[in-house]
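What follows is a single structure, written as structure tokens, with notes after it.
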Amino acid sequence: MHTVVVGTSGTTAEDVIAVARGNARVELSGEALDALARAREIVDALAAKPEPVYGVSTGFGALASRHISPELRAQLQRNIVRSHAAGMGPRVEREVVRALMFLRLKTVASGHTGVRPSVAQTMADVLNAGITPVVHEYGSLGCSGDLAPLSHCALALMGEGDAEGPDGVVRPAGELLAAHGIEPVELREKEGLALLNGTDGMLGMLVMALADLDRLYKSADITAALTLEALLGTDKVLQPELHAIRPHPGQGASAANMAAVLKGSGLTGHFQEESAPRVQDAYSVRCAPQVAGAGRDTMAHAALVASRELASAVDNPVVLPDGRVESNGNFHGAPVAYVLDFLAIAAADLGSIAERRTDRLLDKNRSHGLPPFLADDAGVDSGLMIAQYTQAALVSEMKRLAVPASADSIPSSAMQEDHVSMGWSAARKLRTAVDNLTRIIAIELYAATRAIELRHGLTAAPASLAAIAAAREAGVQGPGPDRFLAPDLAAADEFVRTGGLLAAVEEVTGPLA
């Protein structure tokens with residue numbers, strides 16, 4: 003099994019995905035264990051002093067003014083976890099919880115939190131055992147970290163609350179720890195607080211969304227190319243010299259992908275023929291690289307923000323190398339929240355342009371010779387009429403999800419935490435947007451492949467033919483009389499979601515950008 007080693011200098015997106023989705027094993031480096039021990043010595047020394055230190059010997063948030071006596075400090079740390087584990091609503095996905103736990107361990111291992119090495123080791127042990135705390139949808143405002151979600155994870159470390167075992171069965175966390183020989187953690191000064199104060203949930207979802215969107219943007223380039231072929235469009239707009247004079251990197255990459263898919267096509271270049279007379283393709287076809295390219299550049303910015311956050315130690319207070327323990331505001335999720343919202347906007351626009359291309363394929367007045375709704379016997383058959391309705395409904399939902407969560411804020415903790423990021427909410431809606439975008443691209447794929455097969459006497463590009471053959475093998479059926487359509491669309495969704503479309507095309511084109 004692949005092993006991810008956690009050191010003091012952060013982690014990578016690839017390691018997050020390996021742990022969250024690939025169940026990679028987690029180990030703490032010797033460097034991290036040494037840094038943990040040094041920082042703990044500083045916290046222990048401060049705990050022994052009579053002067054109050056926030057997070058070590060005081061209450062939290064609006065209650066920070068109370069000095070807590072030594073005999074109550076262990077109870078204080080337990081209580082913050084129990085009281086903050088106040089989430090409600092549906093369970094959060096297993097991969098999100100694993101990413102959240104791993105990223106909190108990343109910050110703990112930095113040596114800036116003051117957590118004992120034994121606590122960090124228990125965090126790694128829980129991940130390696132496949133134990134996933136039950137975390138709920140609602141409870142994070144994205145400031146002071148993803149408090150409620152992280153608290154549910156910390157609660158499981160204490161042997162309390164519920165968790166899912168590697169067999170998928172939810173049981174009391176204490177039973178699962180015992181079954182895997184893991185001792186529950188007895189929290190000491192600062193440790194409860196250190197397990198809760200981070201942007202780990204929103205960051206984990208950002209990292210996974212970026213991985214999914216990388217595949218989807220390439221898939222959208224493919225389906226845009228297929229639609230261009232099916233509409234007998236021109237590929238001249240994809241010439242690299244046209245994109246060089248407007249040098250947005252994403253635009254150039256998207257145009258190059260489409261050109262690679264269309265190489266050798268017998269369907270392009272029919273503008274002046276009587277069956278398809280026109281001067282230019284519609285914007286949804288002609289401007290596909292500009293729209294998808296802008297989304298790609300948005301992803302590049304989001305990936306830069308994610309890389310910085312992955313290298314960060316997010317906690318409050320933090321232990322500095324010179325021995326100071328200082329309060330700060332690094333837990334504020336604004337940097338992550340903004341790009342999560344930005345990605346949802348870009349994804350909505352990509353879905354919108356894909357739906358417009360699909361609608362054009364189905365309209366006999368704009369499809370240049372294709373049958374109405376790509377039906378076998380229009381009137382008797384409805385063809386893909388309602389598939390486009392489904393796509394339009396998904397696009398409408400995408401537009402609602404594009405409304406930024408990070409533009410909102412709601413005061414909490416008796417006005418101590420009076421401005422929050424709502425980054426967790428931005429991440430949750432982005433996950434829905436990514437799912438919907440997958441379905442939208444799948445429907446364009448379904449329509450475009452059918453339309454190409456209805457262009458009798460003309461041969462599509464080799465990459466397009468490979469995509470069609472792979473789709474048919476995956477259960478995405480071709481033209482014919484009306485049939486129960488939902489299974490076909492589900493097969494198309496799975497084909498796009500699992501990377502089947504991209505793999506089939508890249509067998510011909512080589513890696514797409």
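Going by the working numbering, the first residue of the sequence shown is number 3, and it counts up by one from there. Just so it is clear, CB atoms sit at the ideal spot from N, CA and C, and this is done for glycine as well. Quick caveat: nothing in here was measured; it's all calculated off a predicted structure.
Review point. With distances taken from CA atoms, which of LEU372, SER427, ASN438 is nearest MET400?
Key: ASN438
Point to revise | Pair within 8 angstroms by beta-carbon distance, ASP214 and VAL436 | key: yes
Review point. Got a sec? Which residues, its chain only, sit under 6 angstroms from THR427 by beta carbon, not counting five neighbours each side?
Key: Checking the sequence, you will find Ser at residue 427 rather than Thr. Once the five neighbours on either side are set aside, the close Cβ partners of SER427 are ALA407.
Practice item. Would you mind reading off the limits of the alpha helix (DSSP H) that contains ARG190? Key: Where ARG190 is concerned, there is no enclosing alpha helix (DSSP H), given that its DSSP letter is neither H nor E.
Exercise for review: Take the Cβ of ASP324 as the centre, count every other Cβ of all protein chains shown within 10 Å, and call the residue buried at 16 or more, exposed below.
Suggested key: exposed
**Study point:** Close-in-space but distant-in-sequence residues of the same chain around ARG93 (CB under 8 angstroms, 5 per side omitted)
**Key:** VAL136, VAL137, HIS138, GLU139
Exercise for review: Leaving out five residues on either side along the sequence, give the residues of the same chain with a beta carbon under 7 angstroms from the beta carbon of SER414.
Suggested key: LEU143, VAL422
Check your understanding: Roughly how many whole angstroms lie between the Cα atoms of TYR391 and VAL321?
Key -> 56 angstroms
Point to revise | Selection from GLY91, ARG310, GLU357, LYS366 that minimises the alpha carbon distance to MET337 | key: It should be noted that the sequence gives Pro, not Met, for residue 337. Among GLY91, ARG310, GLU357, LYS366, the Cα nearest to that of PRO337 is on ARG310.
Check your understanding: Could you check where the beta strand (DSSP E) with PRO489 kicks off and where it finishes?
Key -> Unbroken run through PRO489 is the alpha helix (DSSP H), 488-499; no beta strand (DSSP E).
Exercise for review: Determine the closest residue to ILE443 out of GLU496, ILE247, VAL405, GLU97, with distance taken between C-alpha atoms.
Suggested key: GLU496
Check your understanding: THR461 by DSSP, collapsed to three states: which one?
Key -> coil
Exercise for review: Could you tell me which of GLN393, MET125, ARG368, LEU364 sits nearest to GLY353, measuring between CA atoms?
Suggested key: GLN393
Exercise for review: Pull up the DSSP beta-bridge partners for LEU35, would you.
Suggested key: Answer by DSSP bridge pairing: none, since LEU35 is not bridged.
Point to revise | DSSP three-state assignment for VAL263, whether helix, strand or coil | key: helix
Check your understanding: Can ALA315 and THR109 be called in contact, C-beta distance under 8 angstroms?
Key -> yes
**Study point:** Endpoints, beta strand (DSSP E) assigned at ASP164
**Key:** 164-166
Point to revise | Beta-carbon gap between MET3 and ALA101 smaller than 8 angstroms | key: no
Review point. Helix, strand or coil: how does DSSP classify GLU586 here?
Key: Lying outside 3 to 515, the shown extent of the chain, residue 586 is not represented and no answer is given.
**Study point:** Within 8 angstroms, strictly: CB atoms of ALA76 and GLU188
**Key:** yes
Exercise for review: Can you say whether ARG359 is buried or exposed, counting buried as having 16 or more other CB atoms within 10 angstroms of its CB?
Suggested key: buried
Review point. What's the call for PHE486, buried or exposed, on a 16-neighbour Cβ count within 10 Å?
Key: exposed
Review point. Can the beta-carbon of SER256 be found closer than 8 angstroms to that of ASP223?
Key: yes
**Study point:** Continuous beta strand (DSSP E) stretch holding MET90: start and end
**Key:** 90-93
Point to revise | Closer than 7 angstroms: GLU16 CB and nearest the ligand ATP heavy atom | key: The ligand ATP is not part of this structure, which contains no ligands at all.
Point to revise | LYS265 versus ALA465 - alpha carbon distance | key: 8 angstroms
Check your understanding: Around the C-beta of SER85, are 16 or more other C-beta atoms found within 10 angstroms, so that it is buried, or is it exposed?
Key -> exposed
Point to revise | Per-residue DSSP class, three states only, for CYS402 | key: What sits at residue 402 in the sequence shown is Arg, not Cys. Helix, per DSSP.
Point to revise | Same chain only: Cβ atoms within 6 angstroms of ALA429, ignoring 5 sequence neighbours per side | key: MET204, MET207, LEU342
Review point. Distance, Cα to Cα, LEU48 vs VAL58?
Key: 8 angstroms
Check your understanding: For GLY176, which residues from the same chain have a beta carbon less than 8 angstroms from its beta carbon, with the 5 sequence-adjacent residues on both sides left out?
Key -> GLY161, GLU162, PRO186
Review point. Bridge partners of ASP383, per DSSP?
Key: ALA380
Practice item. Check the DSSP bridge columns for ALA391 and list the partner residues they point to. Key: The question names Ala, but residue 391 is Tyr in the sequence shown. BP columns for TYR391 are empty, so no partner.
Check your understanding: Do ILE517 and ALA380 have their C-beta atoms within less than 8 angstroms of each other?
Key -> Since the first residue shown for the chain is 3 and the last is 515, residue 517 is missing from the structure and cannot be characterised.
Check your understanding: Would a C-beta distance cut-off of 8 angstroms place ASP509 and PRO481 closer than the cut-off?
Key -> According to the sequence displayed, residue 509 carries Glu and not Asp. Against a cut-off of 8 angstroms, the Cβ pair of PRO481 and GLU509 comes out as no contact.
Review point. What's the C-alpha gap between VAL516 and ILE184?
Key: A query on residue 516 cannot be resolved here, the shown segment of the chain reaching from 3 to 515 and no further.
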